[in-house]
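A.B. asks: Residue numbers (the working numbering), protein chains in the order written: chain A, 1 to 191; chain B, 1 to 436.
Glycine included, C-beta positions come from ideal geometry on N, C-alpha and C.
I'd like to ask you about the structure that follows.
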Amino acid sequence: MNIAVIGIGQSLRGDDGIGPEAVRHWSADHSPTAEDPQIHVMILETPGLGLLDDLETADSAVLVDAVSTGRPAGTIRVFDPIPDTSLSAAEKTAHGFGVAESISVARKTGARLPQRLILIGIEGGQYELGRGLSDSVSAALPVAAEKIQEIVLDFLPTKPRPGSAGRGRGDTKQDLKNTKDGFFHQEHEGR
Amino acid sequence: MSATKVTEIRPIDVPALARVEGEGGLYIGVKDGKISEIKVNIYEPPRFFESFLRGRSLYEVPDITARICGICPVAYQMSSVNALEASQGITITPSIRALRKLLYCAEWIQSHALHIYLLQAPDLLGQESAISLAAVAPEVVIRALRMKKVGNALMRVIGGRSVHPVSTTVGGFYRWPDTEALQALLPELEWSAATAVEEVRWAAGLAYPDFEVDAEYVATRHPDEYGMLEGRVVSSSGVDIPVTEYEKHYLEEHVAHCNSLHSHTKDGGSYMVGPLSRFNLNHSQLGKTSQALIKELKIQFPIRNPFKALLARSFELVDAYEDAIRLIKEYNPQGPSRIQFEAHAGEGCGVSEAPRGLLFHRYIVGEGGLIQKARIVPPTSQNYARMEADLWKFAPTMITKPHEEATLACEHLIRSYDPCISCSVHFVRWENKDAV
Chain A
1 MNIAVIGIGQ
11 SLRGDDGIGP
21 EAVRHWSADH
31 SPTAEDPQIH
41 VMILETPGLG
51 LLDDLETADS
61 AVLVDAVSTG
71 RPAGTIRVFD
81 PIPDTSLSAA
91 EKTAHGFGVA
101 ESISVARKTG
111 ARLPQRLILI
121 GIEGGQYELG
131 RGLSDSVSAA
141 LPVAAEKIQE
151 IVLDFLPTKP
161 RPGSAGRGRG
171 DTKQDLKNTK
181 DGFFHQEHEG
191 R
Chain B
1 MSATKVTEIR
11 PIDVPALARV
21 EGEGGLYIGV
31 KDGKISEIKV
41 NIYEPPRFFE
51 SFLRGRSLYE
61 VPDITARICG
71 ICPVAYQMSS
81 VNALEASQGI
91 TITPSIRALR
101 KLLYCAEWIQ
111 SHALHIYLLQ
121 APDLLGQESA
131 ISLAAVAPEV
141 VIRALRMKKV
151 GNALMRVIGG
161 RSVHPVSTTV
171 GGFYRWPDTE
181 ALQALLPELE
191 WSAATAVEEV
201 RWAAGLAYPD
211 FEVDAEYVAT
221 RHPDEYGMLE
231 GRVVSSSGVD
241 IPVTEYEKHY
251 LEEHVAHCNS
261 LHSHTKDGGS
271 YMVGPLSRFN
281 LNHSQLGKTS
291 QALIKELKIQ
301 FPIRNPFKAL
311 LARSFELVDA
321 YEDAIRLIKE
331 YNPQGPSRIQ
341 FEAHAGEGCG
351 VSEAPRGLLF
361 HRYIVGEGGL
371 IQKARIVPPT
381 SQNYARMEAD
391 LWKFAPTMIT
401 KPHEEATLAC
411 EHLIRSYDPC
421 ISCSVHFVRW
431 ENKDAV
């Protein structure tokens, strides 16, 4: 079982950074789950259609990304299935290929997609260069992390042992290492 | 006789251009039934990269400038190392040069495959987007994704990751990539090379808008190969200069409606860089397969239709795959992967051919190798004036057509340049007289 947990977005563009930050938050709060060898954590800045390559080997995947659907900033929505219509303003994505557009291309071309593919969309409020997350979006992080955990546990055929202590959020970034396939992964193969 | 249908002539206003990299719009004003103004309006905020570089070590430059663009980071790395190595008096070894060319082929493959099939082809096939194209012609998109994917893989093997590779340094590479990992890509590259040949025939048969315009074409020329990695700057008007003379012939200015600088020739004219310029100027240096295709398809030079940049890209893809295959088969790195040197004060400039055109860098390096001044002239900012000049000729032929058709056609013209808006807004406006 290969489960991908993917945070998508750029920390330099305001609330666009919520996807990666939510995945880091989850990884710190639920480190026993995040360290399960079946789970591959990825942070992708602007994958565009390259997202399809990163999903190629996953059996199940949960994506976490900022969305712009007109709801209040910080609103968390679970998209299952991921719709074909755009969930993000085109100008905020490389060449207009956001998550929904890329998945739509994959469906129409018969490209391989994970059997289970879920998007956690967190409504962004601003996408200004050089700004971090807005307060209302930051406030959504704990809930988003729990939602990731809920979905990942549902994906996992064997659950991690309850009661395993997390290591604390501060350690997580150090564990994210730059690997040869191009992104910051938290890898567990061979452990 | 039937009544003549009167089409209302309205301004064309595209607040956000689709299928381009970055944020920009197009406005074509109409007054008394005639075009009154044309503005390719670039509103993506300036990014001040030239200022960021001041005071940084020259070793940091390839990685910082690579972040200007997620589509053409290798171009920024190559032009920067060319300029910095010139400033330090370094000559790289043949093995390092061969690997740089291979890395650059990966970027041309990624970028061209994306643009041909997913960004411009929808216009030529009457589709709104790559997504709608995928619905009606999935085979085109499937081929495109596969052809692009091997470029991603090649970039990853050499550069560590498929976007913003991290292996390039001033003087060479941090390490030699693994031979077996490169050779493992050969089957997919060979499939892509064969497919690319068929795709040239497909591209030659597309129904391009009937539009020709006189333009000055500018590109890098290398004595021994199709210009990509370095060379002299040549133009269709007879310019043939070393890179050190570039700034005397091509000047930048700020225009009010654009967050990118606009370039023009020293005589005030617009000019075009990019695949069509390279193809027009350097087509005789393409490989044997491309030469046979040029003959088979009876390609006449110069191609004066800017929409046919797609055809030029398709030829360049053939050569990018074939060069990549040859370079991998010949890959046998000799000696250290980088030249060691003591950083010192100096000045240097360099060019290379980004997928979307000539990219110029110049650096003044102070004692200890710290950057004092940087100047970067990306291809898209060189093309803006040419895009607007094209539109001044093209838009009057379209403005009487149904509004949506006219709007899409003008957008298509801009897309045919494959503009990278994010690249073009890196500038800082110089106020001091001694600024580079």
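Quick check: the Cα distance between Val5(A) and Arg112(A), rounded to an integer number of angstroms?
C.D. replies: 17 angstroms
A.B. asks: Using a Cβ-Cβ cut-off of 8 angstroms, state whether Asn152(B) counts as contacting chain A.
C.D. replies: Closer than 8 angstroms: yes.
A.B. asks: Give the straight-line distance between the Cα atoms of Pro209(B) and Phe307(B), rounded to the nearest whole angstrom.
C.D. replies: 7 angstroms
A.B. asks: Give a yes or no on whether 8 angstroms exceeds the smallest Cβ distance from Val99(A) to chain B.
C.D. replies: no
A.B. asks: For the candidate residues Ala153(B), Val136(B), Phe48(B), whose alpha-carbon lies nearest to that of Ile109(B)?
C.D. replies: The option with the nearest alpha carbon to Ile109(B) is Ala153(B).
A.B. asks: Output, in chain order, the set of chain A residues within a Cβ distance shorter than 9 angstroms of Gly70(B).
C.D. replies: Glu45, Thr46, Gly48, Ala94
A.B. asks: In or out: Ser284(B) buried (at least 16 other Cβ within 10 Å) or exposed?
C.D. replies: exposed
A.B. asks: Please determine if the region 218-229 of chain B and the region 277-296 of chain B are in contact, where contact requires at least 3 C-beta pairs separated by less than 8 angstroms.
C.D. replies: yes
A.B. asks: In angstroms with no decimal places, state the Cα-to-Cα distance between Pro378(B) and Phe360(B).
C.D. replies: If I take the Cα positions, the gap works out to 7 angstroms.
A.B. asks: State the CB to CB distance for the pair Met272(B) and Thr195(B), rounded to an integer number of angstroms; the pair is presumed to be in contact (CB under 8 angstroms).
C.D. replies: That belief does not hold up - the Cβ atoms of Met272(B) and Thr195(B) are roughly 28 angstroms apart, past 8 angstroms.
A.B. asks: I'd like to know whether the C-beta atoms of Ile116(B) and Ser416(B) end up nearer to each other than 8 angstroms.
C.D. replies: no
A.B. asks: Using a C-beta cutoff of 8 angstroms, does Gly110(A) count as contacting chain B?
C.D. replies: yes
A.B. asks: Is Val105(A) close to chain B? Criterion is C-beta to C-beta, closer than 8 angstroms.
C.D. replies: Under the Cβ distance rule, Val105(A) counts among the residues neighbouring chain B, one pair being separated by less than 8 angstroms.
A.B. asks: My parser needs the alpha helix (DSSP H) runs of 4 or more residues fully inside the region 124-153 of chain B; what are they?
C.D. replies: Listed in chain order, the complete alpha helix (DSSP H) runs (minimum 4 residues) inside the region 124-153 of chain B are 130-136.
A.B. asks: Tell whether a beta-carbon distance below 8 angstroms holds between Val157(B) and Ala181(B).
C.D. replies: yes
A.B. asks: To the nearest angstrom, how far is the alpha carbon of Pro275(B) from that of Cys420(B)?
C.D. replies: 14 angstroms
A.B. asks: Let me make sure I understand the geometry here. Which of Gly70(B), Gly29(B), Ser51(B), Thr93(B) has the alpha-carbon closest to that of Leu370(B)?
C.D. replies: Ser51(B)
A.B. asks: Using a Cβ-Cβ cut-off of less than 8 angstroms, list which residues of the region 346-362 of chain B approach chain A; keep chain order.
C.D. replies: Answer set for the region 346-362 of chain B: empty.
A.B. asks: In chain A, what lies closer than 8 angstroms to Lys149(B) by C-beta?
C.D. replies: Ordered by position in chain A, the residues that pass the 8 angstroms Cβ test against Lys149(B) are Asp53.
A.B. asks: Could you tell me the boundaries of the alpha helix (DSSP H) in which Thr109(A) lies?
C.D. replies: 99-109
A.B. asks: For Leu145(B), return the contacting residues in chain A, with the cut-off set at a CB-CB distance below 8 angstroms.
C.D. replies: Leu49, Leu52, Val105, Thr109, Ala111
A.B. asks: Provide the residue span of the beta strand (DSSP E) that contains Glu342(B), from first to last.
C.D. replies: That residue, Glu342(B), is in no beta strand (DSSP E); it is neither H nor E in DSSP.
A.B. asks: Can you give the Cα-Cα distance for Leu327(B) and Gly287(B), rounded to whole angstroms?
C.D. replies: Per the coordinates, the alpha-carbon of Leu327(B) lies some 14 angstroms from the alpha-carbon of Gly287(B).
A.B. asks: Anyone know if the C-beta pair for Arg278(B) and Glu230(B) falls short of 8 angstroms?
C.D. replies: no
A.B. asks: What number of angstroms, rounded off, separates the C-alpha of Ser290(B) from the C-alpha of Lys298(B)?
C.D. replies: 12 angstroms
A.B. asks: Should Gln88(B) be labelled buried (16 or more other beta-carbon atoms within 10 Å of its own) or exposed?
C.D. replies: buried
A.B. asks: Applying a beta-carbon distance threshold of less than 8 angstroms, which residues of chain A neighbour Pro138(B)?
C.D. replies: Lys108, Thr109, Gly110
A.B. asks: So, for Leu317(B): in the same chain, excluding its five sequence neighbours on each side, which residues have a beta-carbon less than 6 angstroms away from its beta-carbon?
C.D. replies: His112, Ala196
A.B. asks: Compare the C-alpha of Thr75(A) against each of Ala140(A), Asp53(A), Ile39(A) and name the closest.
C.D. replies: Ala140(A)
A.B. asks: What are the start and end residues of each continuous alpha helix (DSSP H) run of 4 or more residues lying completely inside the region 20-61 of chain B, in chain order?
C.D. replies: 49-53
A.B. asks: Any beta-carbon of chain A closer than 8 angstroms to the one on Val141(B)?
C.D. replies: yes
A.B. asks: Does DSSP put Thr179(B) in a helix, a strand or coil?
C.D. replies: helix
A.B. asks: Would you mind reading off the limits of the beta strand (DSSP E) that contains Ala395(B)?
C.D. replies: Taken as a continuous stretch (DSSP letters only), Ala395(B) belongs to no beta strand (DSSP E), being part of the alpha helix (DSSP H) at 379-398.
A.B. asks: Does DSSP put Phe279(B) in a helix, in a strand, or in coil?
C.D. replies: In the three-state reduction of the DSSP assignment, Phe279(B) falls in the helix class, which pools H, G and I.
A.B. asks: In terms of residue numbering, what span does the alpha helix (DSSP H) encompassing Tyr321(B) cover?
C.D. replies: 309-330
A.B. asks: If you follow the beta strand (DSSP E) that His264(B) is part of, which residue opens it and which one closes it?
C.D. replies: 262-265
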